[in-house]
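S.K.: Chains A and B are the protein sequences, given in the same order. Every letter in the first sequence is one number past the one before it in this note's numbering, and letter 2, counting from 1, is 2. Every letter in the second sequence is one number past the one before it in this note's numbering, and letter 296, counting from 1, is 585.
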Amino acid sequence: MDLTFVVQGLLNGLLFGGVYSLMAVGLTLIFGVMRVINFAHGDMMIWGMYLAWLLATRLGVDPYLGFVACAAVLFVFGFLVQRSLVDRIVDAPHEMQILLMLGVALVLENVALSIFGPDPRRVRSPLALSTVWLGPVFVDVARLVTFGVAVGLTLALYLFLTRTDVGKTVRAAADNGYGALVVGIDVRRVYAVAFGVGAACVGAAGALVAPILPFSPSAGLTASVSSFNIVIIGGMGSLVGAFVGGLLVAVAESLGAVFFSPSLKELVSFSLMILILLFRPTGLFGRRG
Amino acid sequence: MTALHRGLLGAALAILVALPAVLGSRALSVFVFIFFYAYLGQAWNLVSGYGGQLSAGHAAFVGVGAYTTTMLAMHAGVSPWLGMFAGAALAALLGAVVGFLGFRFGLRGFYFVLLTVAAAEVCRIVALNTDAVGGAVGLYIPFTGNAWQLQFQDNRGYYYVALALMLLATGVVALVERSRLGAYLMAIREDEDAAEALGVDTLRYKLVALVLSAFLTGLGGAFYANYLFSLQPNAVFGIPLSVDIILRPVVGGSGTLMGPILGSFILSPLAELSRTYFARAGLVGTHLVAYGLLLIAVVLFLPRGAYPPLARALGLGRPR
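Right, here's the structure in full:
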């Protein structure tokens, strides 16, 4: 096999990894703070995609600007879902939370299906037309910008959690919800903020991936499952794990597509997950317990 | 259970046995779906309702059972009545692998749920990419109408097979409920740490429940194939089928013997009606929106399902 293909695959994978990281960071944040698995994660992402599509086709907003609006809408949505639904059963057995989020996922996916139909759509961005050649390999400018923005957002989230007061209350609530309550943190509000931020992450990821890949409502489930995979590989609840895991899985899938067949690339990430579960069940960066 | 309740149950059963004599084919097909989903729900109930280990990927076991039975029938001429046991055994093996990965090292709940989803997805992708099992086109089962091929000329045959399946699974769950295994499973569901501290081999009993549940679900796959006559990876391994399987016991009351049956009697006719109604109106996906809303409503307002309050009203059973 030509080495150029391998390098190209590696590069494409790495650039796509930014989106994976952003998705997984959103999921792991929600899980880390509330111990709730957001089964509607991928379906929130497709709403980010369709919002970007609406903005681009109706108002002519480029998705690379529109993602901010998508993230904002998803933040409000996530905040409201937490306040009106998840908050009522945050102490219930976890299977109840999963069933609840499964219900939300079904509603989100099928409302999108009813409105937009099953045909794949794509958002056009002028950036998607240009490529840059680096010797024998090329870089898609759209992918490069997507990667840059996604990594930038992940970094911004990291700074938000470590440097700001609100971010510190989120981490406090994640470490010990009861302790946070005792020192006067409004934990319910923190939960809603964390859910909103997690949803905003995946909404932005959706908007950023919209100019690169065609999408349809049924993509939500695949995106959810990919996010679960990445989070298990990186370690559930670990932000660094989600970031590194996203890049790792994207590169592995891309190389899998080069060496095997593009339709089998998802099997590569599943195999990776099974290996992790066999040899390091808490994930690459996970803590025990 | 008093003599009166026993009598009522017997009467209900007699009515179900006699129904095909009076009902038309269309009405019977609704009952076939009621029984079949009650059967699948009962199998799910074993590991997820009693054992508290939520599976969101039971479609994997249906699919493995259905594909195995169909491949054996098409290529080796094995009757589905026998092939279904091979399918069920393979499904049980898959259950053992998933359980081993998910339950080891004291990994709890979350991992298992995600693993079951992943298992179904892996099966779906493998089936989509394997030409020997028809790839994305799937398999079409030729209609013979021969009872030895698990196929019947009219719905009455399917009606009785589905009814028998439902009664079989309910019998198995009733036995488990009264057995030591059932007591261990419920202890694990209520408090896994406490159960372990008391010496319950939690890994072992969770595995046993999952393997048994997968076996029964795989058995149902043979019925699925020969009732619908086609197998597509996206349908038979897809999350929507897994959700369909979960929904009925949850609505009826998971972890109760009657919950899956009650849930299926409530939901399956509704699903059939809304599917045909919305499809006629050209609204794709609308019945799944309704499913989603129903799931949310049940979790919020009736977290134990419909059976416990109903049982209380009838003066049945012990409160849990």
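We treat Cβ as the ideally placed atom computed from N, Cα and C, and that holds for glycine. None of the values given here were measured: they were computed from a predicted structure.
1. Please list, in chain order, the chain A residues whose beta carbon lies closer than 9 Å to that of B/PHE580.
2. When you compare each of B/THR291, B/ALA303, B/ALA327 to B/VAL462 by their alpha carbons, which one comes out closest?
3. Can you tell me where the alpha helix (DSSP H) holding A/PHE5 begins and where it ends?
4. Taking Cβ positions only, does A/MET44 come closer than 7 Å to chain B?
5. For B/LEU589, which residues in chain A fall below 8 Å Cβ to Cβ?
6. Any C-beta of chain B sitting closer than 7 Å to the C-beta of A/SER269?
7. Please confirm whether any heavy atom of the ligand SAM lies closer than 6 Å to the CB of A/MET96.
8. A/THR131 by DSSP, collapsed to three states: which one?
9. What residues in its chain sit with their C-beta under 6 Å from that of B/TYR400, if we drop five residues either side in the sequence?
10. For the beta strand (DSSP E) containing A/VAL139, name the first residue and the last one.
11. Answer with buried or exposed for B/GLY655, where buried requires no fewer than 16 other C-beta atoms within 10 angstroms of its C-beta.
12. So, under 8 Å CB-CB, A/VAL251 and A/PHE285 are touching, yes? Tell me the CB distance rounded to an integer number of Å.
13. How is the alpha helix (DSSP H) around B/SER368 delimited, first residue to last?
14. Given B/PRO608, which residues of its chain have a CB within under 6 Å of its CB, disregarding the five upstream and five downstream residues?
15. Along chain A, which residues have their Cβ under 7 Å away from the Cβ of B/GLY574?
16. Below 8 Å on C-beta distance, what does A/LEU264 contact in chain B?
17. For a test of the three-state rule: what should DSSP assign to B/SER519, helix, strand or coil?
18. To which residues of the same chain is A/LEU85 closer than 8 Å at the C-beta, ignoring the five residues directly before and after it?
19. Per DSSP, which one or two residues make a beta bridge with B/TYR429?
20. Just the chain A side, please: which residues come within less than 9 Å of B/PRO558 by C-beta, in chain order?
21. Report, in whole angstroms, the separation of the C-beta atoms of A/SER227 and A/HIS41, which I expect to be a contact under 8 Å.
22. DSSP three-state label for A/ARG121, please.
23. For the structure I just gave you, are there three or more beta carbon pairs, one from the stretch 475-491 of chain B and one from the stretch 314-321 of chain B, closer than 8 Å?
24. Which residues in the same chain have their Cβ closer than 6 Å to the Cβ of A/ASN229, if we skip the five residues on either side of it in sequence?
25. Contact check, B/ALA407 vs B/GLY507 under 8 Å by CB: the rounded distance?
26. Could you tell me which residues DSSP pairs with A/PHE215 in its beta bridges?
27. Expressed to the nearest angstrom, what Euclidean distance is found between the alpha-carbon atoms of A/ALA200 and B/ILE430?
28. At which residues does the alpha helix (DSSP H) containing A/LEU55 begin and terminate?
29. Give the residues of chain B in contact with A/ILE37, contact being defined as C-beta atoms less than 8 Å apart.
30. Please list the residues of the stretch 517-537 of chain B that have a C-beta atom closer than 8 Å to any C-beta atom in chain A, keeping them in chain order.
31. Counting only beta-carbon separations shorter than 7 Å, does A/VAL193 have a partner in chain B?
32. Is B/LEU577 closer than 7 Å to A/LEU106 when the C-beta atoms are compared?
33. Can you list, in chain order, the residues of its chain whose CB lies under 6 Å from that of B/SER557, leaving out five sequence neighbours each side?
34. Taking only beta-carbon atoms, is B/LEU562 less than 7 Å away from chain A?
35. Would you identify the three-state DSSP class for B/ASP480, choosing helix, strand or coil?
36. Under a Cβ-count criterion, where at least 16 other Cβ atoms within 10 Å of its own Cβ denotes burial, should B/HIS678 be classed as buried or exposed?
M.R.: Taking the coordinates as given:
1. On the second sequence, residue 580 of chain B is found 291 positions in, with the first residue counted as 1. One detail in the question is off: residue 580 of chain B reads as Tyr in this sequence, not Phe. Within 9 Å Cβ-Cβ: GLY103, LEU106, VAL107, ASN110.
2. Here the question's residue 462 of chain B lines up with position 173 in the second sequence. Ranking the options by Cα distance to B/VAL462, first place goes to B/ALA327.
3. Your numbering for residue 5 of chain A matches position 5 in the first sequence. From DSSP, the alpha helix (DSSP H) with A/PHE5 extends over 3-34.
4. Translated into the one-based positions of the first sequence, residue 44 of chain A becomes position 44. It does not; no Cβ of chain B falls within 7 Å.
5. Residue mapping note: residue 589 of chain B aligns to position 300 of the second sequence, counting from 1. Within chain A, the residues near B/LEU589 are LEU85, ARG88, ILE89, LEU100.
6. Here residue 269 of chain A is taken as the residue at index 269 of the first sequence, counted from 1. Judged by the 7 Å Cβ criterion, A/SER269 is not in contact with chain B.
7. Among the ligands in the structure shown, none appear at all, so the ligand SAM cannot be discussed.
8. Stepping through the first sequence from its first residue, residue 131 of chain A is reached at position 131. Correct three-state label for A/THR131: strand.
9. For the purposes of this step, residue 400 of chain B is identified with residue 111 of the second sequence, where counting begins at 1. GLY391, listed in sequence order.
10. For this step, residue 139 of chain A is matched to residue 139 along the first sequence. Looking at the DSSP string, the run of the beta strand (DSSP E) that includes A/VAL139 is 137-140.
11. Lying before the first or after the last residue shown, residue 655 of chain B is absent from chain B, which here runs from 290 to 609.
12. Position 251 of the first sequence, counting from 1, holds the residue named residue 251 of chain A. Position 285 of the first sequence, counting from 1, holds the residue named residue 285 of chain A. Under the criterion of beta carbons closer than 8 Å, A/VAL251 and A/PHE285 do not qualify as touching, at roughly 17 Å.
13. If you number the second sequence from 1, residue 368 of chain B lands on position 79. In this chain, B/SER368 is not harboured by any alpha helix (DSSP H), its DSSP state being neither H nor E.
14. Here residue 608 of chain B corresponds to residue number 319 of the second sequence, with the count starting at 1. Residue confidence for B/PRO608 is low, a pLDDT of 44 falling below 50, so the modelled location carries little weight; the figure read from the coordinates is stated next. None.
15. In the second sequence, residue 574 of chain B corresponds to position 285, counting from 1. Those within 7 Å of B/GLY574 in chain A are ASN110, LEU113, SER114.
16. Taking the first residue of the first sequence as 1, we reach residue 264 of chain A at position 264. By Cβ distance, chain B contributes ILE414, ASN418.
17. Position 230 of the second sequence, counted from the first residue, corresponds to residue 519 of chain B. It is a strand residue.
18. In the first sequence, counting from the first residue as 1, residue 85 of chain A sits at position 85. LEU100, VAL104.
19. Taking the second sequence and counting its residues from 1, the one referred to as residue 429 of chain B is at position 140. Bridge partners of B/TYR429: B/SER519.
20. On the second sequence, residue 558 of chain B is found 269 positions in, with the first residue counted as 1. Residues of chain A passing the Cβ test: none, with the nearest at roughly 19 Å.
21. By 1-based counting over the first sequence, the position of residue 227 of chain A is 227. By 1-based counting over the first sequence, the position of residue 41 of chain A is 41. 5 Å between Cβ atoms; contact.
22. In the first sequence, residue 121 of chain A corresponds to position 121, counting from 1. Of the three classes helix, strand and coil, the one that applies to A/ARG121 here is strand, per DSSP.
23. no
24. Here residue 229 of chain A is taken as the residue at index 229 of the first sequence, counted from 1. Excluding sequence neighbours, A/ASN229 sits near SER269, MET273.
25. Within the second sequence, the letter at position 118 stands for residue 407 of chain B. Within the second sequence, the letter at position 218 stands for residue 507 of chain B. Their Cβ separation, rounded to whole angstroms, is 18 Å, which puts B/ALA407 and B/GLY507 out of contact at 8 Å.
26. As a position in the first sequence, residue 215 of chain A is number 215, starting the count at 1. In DSSP, A/PHE215 forms a bridge with A/ARG121.
27. Your numbering for residue 200 of chain A matches position 200 in the first sequence. Your numbering for residue 430 of chain B matches position 141 in the second sequence. Using only the alpha carbons, I get a separation of about 46 Å.
28. In the first sequence, residue 55 of chain A corresponds to position 55, counting from 1. Per DSSP, A/LEU55 belongs to the alpha helix (DSSP H) from 41-58.
29. Looking up residue 37 of chain A in the first sequence gives position 37. Within 8 Å Cβ-Cβ: PHE399, VAL402, LEU403.
30. Against chain A - using a Cβ distance shorter than 8 Å - the residues of the stretch 517-537 of chain B are ILE528, VAL532, ILE535.
31. As a working mapping, residue 193 of chain A is identified with position 193 in the first sequence. By this cut-off, A/VAL193 is not an interface position.
32. Counting from 1 along the first sequence, the entry for residue 106 of chain A is found at position 106. Counting from 1 along the second sequence, the entry for residue 577 of chain B is found at position 288. In this structure, B/LEU577 lies closer than 7 Å to A/LEU106 by Cβ.
33. Mapped onto the second sequence, residue 557 of chain B falls at position 268. Excluding residues up to 5 positions away in sequence, PHE322, ILE323, TYR326 lie with their Cβ nearer than 6 Å to the Cβ of B/SER557 in the same chain.
34. As a working mapping, residue 562 of chain B is identified with position 273 in the second sequence. No, because no Cβ of chain A sits closer than 7 Å to the Cβ of B/LEU562.
35. Start at 1 with the first residue of the second sequence, and residue 480 of chain B comes out as number 191. Residue state, collapsed to three classes: coil.
36. A query on residue 678 of chain B cannot be resolved here, the shown segment of chain B reaching from 290 to 609 and no further.
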